[in-house]
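A.B. asks:
Number of protein chains: 6
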Amino acid sequence: MSSREEFRKEREQLNEIVMQYAGKTTKRFFNLDTNVYKDGALSARTKEMLGLVASLVLRCDDCITYHMNQCLEENISDEEMDEIMSVGLIVGGSITIPHIRRAIKFWDENK
Amino acid sequence: MSSREEFRKEREQLNEIVMQYAGKTTKRFFNLDTNVYKDGALSARTKEMLGLVASLVLRCDDCITYHMNQCLEENISDEEMDEIMSVGLIVGGSITIPHIRRAIKFWDENK
Amino acid sequence: MSSREEFRKEREQLNEIVMQYAGKTTKRFFNLDTNVYKDGALSARTKEMLGLVASLVLRCDDCITYHMNQCLEENISDEEMDEIMSVGLIVGGSITIPHIRRAIKFWDENK
Amino acid sequence: MSSREEFRKEREQLNEIVMQYAGKTTKRFFNLDTNVYKDGALSARTKEMLGLVASLVLRCDDCITYHMNQCLEENISDEEMDEIMSVGLIVGGSITIPHIRRAIKFWDENK
Amino acid sequence: MSSREEFRKEREQLNEIVMQYAGKTTKRFFNLDTNVYKDGALSARTKEMLGLVASLVLRCDDCITYHMNQCLEENISDEEMDEIMSVGLIVGGSITIPHIRRAIKFWDENK
Amino acid sequence: MSSREEFRKEREQLNEIVMQYAGKTTKRFFNLDTNVYKDGALSARTKEMLGLVASLVLRCDDCITYHMNQCLEENISDEEMDEIMSVGLIVGGSITIPHIRRAIKFWDENK
């Protein structure tokens, strides 16, 4: 199983447990979280890039991996990926580097 | 060994190492950190909920697990736990979701 | 005009501008943000305390002031307020102190 | 003087003081910080949106204002701006709202 | 009144209000916060630099100003100050720049 | 293989992958990140302490381990290490404790 499939599967399993306990607020928030990345005035492609850079500067590995997966589906190129990472690196500083390392490894394995 | 016992044991072992090196400030801080959650004007129960939501929005898995353990001992219900998580989710946004996933898994295994 | 009224008025005026530009996601999120603090398995009183400590450790003055206002309406006592601040101080460290200073000043002026 | 001009002028004045003390690292970092937003595999327009959402979730008013200014020059529309803010709001939670309020006020005054 | 005196006075006044409400935890924490910067295995001078860089990467203007004041008393040179800021800038990224701007302005006015 | 060697090796391997994708900004930033810790007005020894405390309050385990390694090479003593951790603990609060635990374990194994 690729690191990409592994990530998806674990995420799905945990989401199922979350949903067993989730009240109205949690469920509605999860809906908003899905819908906010859909095509609108901005394309889904651009929004996934926004989600990725936000996840990078907030240094959340799971969120980074999730949006990298989406970027793979949006056919983001290697050069575009490097530039997204660069913006995050300059805004967020060297503290983002360990996350960039793990992110680029995931990218390299799955693209 | 349950995930709850495993967590406690590892925490204890690491605390022992920390205490071998700890000077006065570290030791006193650890005391404050224990005492701040004791019954006072607010009950220990309420304070553990405060500690949990603070840990969630600061996105610290170990701190979340610690306070979840305490919440188990304070007989927090599933519905109360969902509402604590919901407040953290709304305040802290989707970046807290991976932590909520791991937290609810721990809750589900140990309650 | 008290600092409490001033805060409310400015917040209201800015919210009106936000709503002129707000799409569906923003509007729905604002609804969730209102509803999550309502009575449920946990009382509104407890939830406002959760919101306050979360705002304190994330160091957002406006959010702190907002929840302090709500705590005033929930008749939180001085001793309870000190204990909420203490939990936030221990979890979040000295970096929260400037926010505690401004918060307690607001509390002192408006309680 | 508009809030936009005021912002630019103060920023310029402070940068001059910073440069009087700046060594090689600071100067080179400032160069990188300018260059990273230039047209490349991604357009300057997209990069400014990335910078804006990163600034929003990290909750830095000055950085938000700076990138909003750049977005004005890139002819970002009201709908696009709302969607950038929405992504930041969902990722970063209600703690971003006070920054969104001030940002949208700036947008409303200067667009 | 210089910006340095103004800062000290306001801080003192607010601390007095905080102490009127402070319970045991808050008081003890304030003591630890004073003592941790005193001469020990590391000099007070080095510890103030540590406090300054920590405040910078956590982006707390009041904390930065406080430690800059202490650095002035420890006769930190302009070159040393630039290097402390540089480490913070590289670790924390461009998001620290608005804080560096305000910090260096304070330094320039008071050194 | 010691935890120290293991850390270095993994870091190196990941850096190689990062460099395969790195554009000019990323490469230049990595250079700045190396150079900022070199002897200047402040010694490399002091700068590594600054880097360590900054990494601790930002709660990045990899960054903490990296700077601990450098501190080992600069012959930082146990007492000095405890005082660096103490400053980070007081500034950053109990949320730093899980990172301190892992850091001191690494220190204990490798000093």
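Quick mapping for you: the protein sequence lines, in order, are chains X, L, E, P, S and G.
Residue 1 is where the first sequence starts when you use the numbering used here, and the numbers rise one by one after that.
Residue 1001 is where the second sequence starts when you use the numbering used here, and the numbers rise one by one after that.
Residue 2001 is where the third sequence starts when you use the numbering used here, and the numbers rise one by one after that.
Residue 3001 is where the fourth sequence starts when you use the numbering used here, and the numbers rise one by one after that.
Residue 4001 is where the fifth sequence starts when you use the numbering used here, and the numbers rise one by one after that.
Residue 5001 is where the sixth sequence starts when you use the numbering used here, and the numbers rise one by one after that.
Don't be surprised by glycine CBs; every beta carbon is placed ideally from N, CA and C.
None of these values were measured; they are calculated from a predicted model.
What are the start and end residues of the alpha helix (DSSP H) that includes alanine 3054 (chain P)?
C.D. replies: That run of the alpha helix (DSSP H) goes 3044 to 3057.
A.B. asks: Kindly give me the distance between the Cβ atoms of glutamate 3083 (chain P) and glycine 2093 (chain E), rounded to whole angstroms, as I take these residues to be in contact under 8 Å.
C.D. replies: Actually they are not in contact, since the Cβ atoms of glutamate 3083 (chain P) and glycine 2093 (chain E) sit about 36 Å apart, beyond 8 Å.
A.B. asks: Between the segment 1052 to 1062 of chain L and the segment 2048 to 2063 of chain E, can you find at least three pairs of beta-carbon atoms closer than 8 Å?
C.D. replies: Verdict: yes, contact present.
A.B. asks: Using a Cβ cut-off of 9 Å, pull out every chain A residue sitting near serine 4086 (chain S), in sequence order please.
C.D. replies: This model lacks chain A altogether; the protein chains it does include are X, L, E, P, S and G.
A.B. asks: Can you give the Cα-Cα distance for threonine 34 (chain X) and valine 5036 (chain G), rounded to whole angstroms?
C.D. replies: Cα-Cα distance, rounded: 41 Å.
A.B. asks: Using DSSP with H/G/I as helix, E/B as strand and the rest coil, what is methionine 3003 (chain P)?
C.D. replies: First, the residue type needs correcting, since residue 3003 (chain P) is serine and not methionine in the sequence shown. Helix.
A.B. asks: Among residues of its own chain, excluding the 5 on either side of methionine 1019 (chain L), which ones have a beta-carbon nearer than 7 Å to its beta-carbon?
C.D. replies: Once the five neighbours on either side are set aside, methionine 1019 (chain L) has no close Cβ partner at all.
A.B. asks: Entirely within the segment 2059 to 2089 of chain E and at least 4 residues each: give me those alpha helix (DSSP H) ranges in chain order.
C.D. replies: Segments of the alpha helix (DSSP H) lying fully in the segment 2059 to 2089 of chain E: 2061 to 2073.
A.B. asks: Does any C-beta atom of chain S lie closer than 8 Å to the C-beta of leucine 3014 (chain P)?
C.D. replies: Cβ-Cβ to chain S under 8 Å: yes for leucine 3014 (chain P).
A.B. asks: Can you list, in chain order, the residues of its chain whose CB lies under 7 Å from that of histidine 2099 (chain E), leaving out five sequence neighbours each side?
C.D. replies: For histidine 2099 (chain E), where only same-chain residues beyond five positions count, the Cβ hits under 7 Å are Leu2056, Arg2059, Asp2061, Ile2064.
A.B. asks: Given a cut-off of 8 Å on the beta-carbon distance, is the pair threonine 4046 (chain S) and methionine 5001 (chain G) in contact?
C.D. replies: Not closer than 8 Å, so no.
A.B. asks: The alpha helix (DSSP H) with threonine 2034 (chain E) in it runs from where to where?
C.D. replies: 2024 to 2035 is the extent of the alpha helix (DSSP H) around threonine 2034 (chain E).
A.B. asks: What's the C-alpha gap between isoleucine 95 (chain X) and asparagine 2069 (chain E)?
C.D. replies: Between isoleucine 95 (chain X) and asparagine 2069 (chain E), the C-alpha separation is close to 36 Å.
A.B. asks: With 8 Å as the threshold, decide whether the Cβ of valine 18 (chain X) is near any Cβ in chain L.
C.D. replies: Yes, its Cβ sits closer than 8 Å to a Cβ of chain L.
A.B. asks: Since glutamate 5074 (chain G) meets chain S, which of its residues come closer than 8 Å, beta carbon to beta carbon?
C.D. replies: Result: empty, since nearest Cβ-Cβ is about 13 Å, beyond 8 Å.
A.B. asks: Just the Cα atoms here: how many angstroms apart are arginine 4028 (chain S) and valine 2087 (chain E)?
C.D. replies: Their Cα atoms are separated by approximately 13 Å.
A.B. asks: Along the segment 5056 to 5081 of chain G, where does the CB come closer than 7 Å to a CB of chain X? Name the residues.
C.D. replies: The segment 5056 to 5081 of chain G vs chain X, Cβ under 7 Å: Leu5058, Cys5060, Asp5062, Cys5063.
A.B. asks: With C-beta atoms as the reference, is arginine 5101 (chain G) less than 8 Å away from leucine 1014 (chain L)?
C.D. replies: Yes; because the gap between Cβ atoms is below 8 Å, this pair is in contact.
A.B. asks: Which residue's Cα is closest to the Cα of threonine 5026 (chain G): X:Glu5, X:Leu89, X:Glu10?
C.D. replies: It is X:Leu89.
A.B. asks: Counting only Cβ pairs nearer than 7 Å, list the residues of chain E close to aspartate 4033 (chain S).
C.D. replies: Under the 7 Å cutoff, chain E gives Ser2094.
A.B. asks: Which same chain residues end up closer than 6 Å to leucine 4042 (chain S) when comparing Cβ atoms and leaving out the 5 residues on each side of it in sequence?
C.D. replies: Excluding positions up to five away in sequence, the list is empty.
A.B. asks: Between the C-alpha atoms of isoleucine 3076 (chain P) and glycine 3051 (chain P), what's the straight-line distance to the nearest angstrom?
C.D. replies: Their backbone Cα atoms lie some 14 Å apart in a straight line.
A.B. asks: For tyrosine 2066 (chain E) versus isoleucine 3104 (chain P), is the C-beta distance shorter than 8 Å?
C.D. replies: No; because the gap between Cβ atoms is not below 8 Å, this pair is not in contact.
A.B. asks: What did DSSP end up calling alanine 1041 (chain L) once you bin it into helix, strand or coil?
C.D. replies: In this structure, alanine 1041 (chain L) counts as coil in the three-state DSSP scheme.
A.B. asks: For the segment 3034 to 3054 of chain P, which residues have a CB atom closer than 7 Å to at least one CB atom of chain E, in sequence order?
C.D. replies: Listed in sequence order: no entries.
A.B. asks: If we call anything under 8 Å between Cβ atoms a contact, is glutamate 79 (chain X) one with alanine 44 (chain X)?
C.D. replies: Contact: no.
A.B. asks: Please report how far the alpha carbon of cysteine 5071 (chain G) lies from the alpha carbon of valine 5091 (chain G), in whole angstroms.
C.D. replies: Approximately 20 Å, taken between the alpha carbons.
A.B. asks: Could you check the C-alpha separation between serine 1107 (chain L) and phenylalanine 2030 (chain E) for me, to the nearest Å?
C.D. replies: For the record, residue 1107 (chain L) in the displayed sequence is tryptophan; it is not serine. Cα to Cα, the separation comes out at about 29 Å.
A.B. asks: Just to make sure I have the definition right: I need the residues of chain S whose C-beta is within less than 7 Å of the C-beta of isoleucine 5090 (chain G). Which are they?
C.D. replies: The answer, in chain order, is Leu4032, Asp4033, Val4036.
A.B. asks: For chain P, find out if any of its Cβ atoms is closer than 8 Å to the Cβ of glutamate 6 (chain X); answer yes or no.
C.D. replies: No - not a single Cβ of chain P is within 8 Å of the one on glutamate 6 (chain X).
A.B. asks: Only counting the same chain, and skipping five residues up and downstream in sequence, which positions put a Cβ closer than 7 Å to that of glutamate 4005 (chain S)?
C.D. replies: Excluding sequence neighbours, glutamate 4005 (chain S) sits near nothing in its chain.
A.B. asks: Can you confirm whether lysine 2105 (chain E), when its beta carbon is compared against all beta carbons of chain S, has any partner nearer than 8 Å?
C.D. replies: Answer yes: the Cβ-Cβ gap between lysine 2105 (chain E) and chain S drops below 8 Å somewhere.
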